[in-house]
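A.B. asks: Next up is a structure, given as structure tokens.
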Amino acid sequence: MFPKDTYVNRRQQLMADVNDGGLILLLGNEESSKNYKDNTYRFRQDSNFLYFLGWDQPHLAAVIDPESGETTLYGDDLSVDHIVWMGPQPGMREMADRVGAKQTAPYKSLADTLANAAASGRKIHYLPPYRAENLLKISRWLGQTPDAVENGHSVPLVKAIIKQASYKSAEEIAEIEKAVTISGQMHVAAMRSARAGIREAELTGIVEGIAIGAGGDVAYPVILTINGQTLHNHYHGNVLQSGQMVLGDFGAETATHYAGDITRTFPVDTKFTARQKDIYELVLQAELESINALKPGIPYRDIHLQAARIMADGLKDLGLMKGDMEAAVAEGAHAMFFPHGLGHMMGLDVHDMEDLGEDYVGYTDTIRRSPQFGLSALRLGRELEAGFVLTVEPGLYFIPELIDQWQAAGKFKDFINYDKVAEYRDFSGVRIEDNVLITEDGHRVLGAPIPKTVDEVEAVRNGG
């Protein structure tokens, strides 16, 4: 946890930004069962609750009252029966004092607090519930249907949180750097351990073990696959074979739940083939030039389009695309090879604040999401500002099903050389990703350096 003043100051800013006579409800998460009640998934606290209240324990909630300036922490002290199974835990008064909340109350009394406030005409500000148990709680407390609750979340509260949490403090950046450095250790371990004949699952176990061994967890389900053309591939049942590449997209989450999000791609053999190297170095060029262009005031959508043009030009040089590449990117022809966005915000969530609404986080009233295939998947399009932490992750993929669909429809035949593309149907994909802080005068790549040039990757694959 951070010092008490961090949480007090955050809540004071929140109260100043949401001050219409209503109450602010922040719900923590509960334990979630896997296959029966007492066999639970590893607990993960709600990130908004962590941001304003800090406590990483289930069955907690808070009500913040901008009129009185007070925060009440709702929860229950554990009984001896609980302590026998779980060990001693901080009491409610201790938890409240630690984060500067003046009052505590039993969890069950929260229902009356909200009912009384609603009866007196006070608005209840709550966030979009992404867990069913929280949706049903709010439904009961407010006497509304689940559908009404889903549609009735507070947009002012959403915007007030994004206004604060988009800008990372020094203490947050230190945690993210720690997460990124651990993530780098995970990737180097995968590069060193990979060989023909090993299963993807074995490499996955190695990298997950590093994250947990560092005191945290993985920040999101591990993508570690020979089928890198599937963007979010969580299947780990394949055996690595000579001539293939491995795409690993995974990162660590620290004990405070700040995330790292790194991708590296490497050959199963100890050297890239000529064809693998061509595509890899094209993606690397796009990544490096994108990072170099980062600074306050530039719309990230422009950086995305710059990366697309770099890769389109390279694909044209390889004979995979043809014609005017400026026009090709404007019309979206490149998206057959690059169907996702260049990156997203990152912090307590790997897709930072995504539960609050991706367009609120990544776009503005003047920079809106495009409906164009590929560009529509860009999670961050707004102008960059100092304090933002974001990912830069260009990639090139050869997705047979997408190739077949576009070719059958005659899409972009003036820009795509389908005969040449046919030679790459079995290529899979390459993605390279780093995490970057926007500074007052530019940017800084976070964490210890992680091998990514061809020479660096091949050195690790050869035991370096």
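By the UniProt record's numbering, the letter at position 75 of the sequence shown is numbered 75, and the numbering carries on one by one without gaps. Using N, Cα and C, we set each Cβ at its ideal position, and we do this for glycine too.
If you count every other CB in all the chains shown that lies within 10 Å of the CB of I399, and 16 or more means buried, which is it?
C.D. replies: The residue in question, I399, is buried, as its Cβ has 16 or more Cβ neighbours within 10 Å.
A.B. asks: Ignore the nearest five residues each way along the sequence and tell me which others in D249's own chain have a CB closer than 6 Å to its CB.
C.D. replies: Closer than 6 Å at the Cβ level, and outside the excluded window around D249, lie I223 and T263.
A.B. asks: Measure the CB-CB distance between L282 and M311 and report whether it falls below 7 Å.
C.D. replies: Yes, Cβ-Cβ distance for L282 and M311 is below 7 Å.
A.B. asks: Using alpha carbons as the reference points, say which of P394, T256, G143 and D414 lies closest to L320.
C.D. replies: Selected option, being the one with the closest Cα: D414.
A.B. asks: Does V8 come out as helix, strand or coil in the three-state DSSP assignment?
C.D. replies: If DSSP states are grouped into helix, strand and coil, V8 belongs with the helices.
A.B. asks: To the nearest angstrom, report how far apart E440 and E287 are at their CA atoms.
C.D. replies: Straight-line Cα distance between these residues: approximately 21 Å.
A.B. asks: Beta-carbon within less than 6 Å of G387's beta-carbon, same chain only, minus the 5 sequence neighbours each way: which residues are those?
C.D. replies: Hits under 6 Å: Y167 and K168.
A.B. asks: Could you tell me how far apart the beta carbons of A259 and D349 are, in whole angstroms, since I believe they sit closer than 8 Å?
C.D. replies: Going by Cβ atoms, the distance from A259 to D349 rounds to 7 Å, so yes, they are a contact pair.
A.B. asks: I'd like the span of the alpha helix (DSSP H) that includes H82, first residue to last.
C.D. replies: Element bounds for H82: V80 to M86.
A.B. asks: Around the Cβ of P66, are there at least 16 other Cβ atoms within 10 angstroms (buried) or fewer (exposed)?
C.D. replies: Per the 10 Å Cβ criterion, buried.
A.B. asks: For L294 and V389, I'd like the C-alpha separation in whole angstroms.
C.D. replies: Rounded to the nearest angstrom, the two C-alpha atoms are 11 Å apart.
A.B. asks: Report yes or no: do three or more beta-carbon pairs, one from the segment 155-164 and one from the segment 371-382, lie closer than 8 Å?
C.D. replies: Flag = no, the segment 155-164 and the segment 371-382 do not touch.
A.B. asks: Given this structure, state the Cα-to-Cα distance separating G347 from D419, to the nearest angstrom.
C.D. replies: The straight-line gap from Cα to Cα measures roughly 43 Å.
A.B. asks: According to DSSP, V460 sits in a beta bridge with which residue or residues?
C.D. replies: None; V460 has no bridge partner.
A.B. asks: When the Cα atoms are used, what is the spatial distance from D20 to G75?
C.D. replies: Their Cα atoms are separated by approximately 26 Å.
A.B. asks: Does the Cβ-Cβ distance between P221 and H234 come in under 7 Å?
C.D. replies: Cβ distance < 7 Å, so P221 and H234 count as in contact.
A.B. asks: Along the chain, where does the beta strand (DSSP E) that runs through Y107 open and close?
C.D. replies: First-last for Y107: undefined, no H or E at that position.
A.B. asks: Helix, strand or coil: how does DSSP classify R44 here?
C.D. replies: In the structure shown, R44 sits in coil (DSSP, three-state: anything other than H, G, I, E or B).
A.B. asks: For the alpha helix (DSSP H) containing D302, name the first residue and the last one.
C.D. replies: D302 -> alpha helix (DSSP H) spans Y300 to D317.
A.B. asks: For A211 versus A252, is the C-beta spacing smaller than 7 Å?
C.D. replies: Going by C-beta atoms, A211 is nearer than 7 Å to A252.
A.B. asks: From the DSSP output, which residues share a beta bridge with N292?
C.D. replies: DSSP, once it has assigned bridges, lists no residue as partnering N292.
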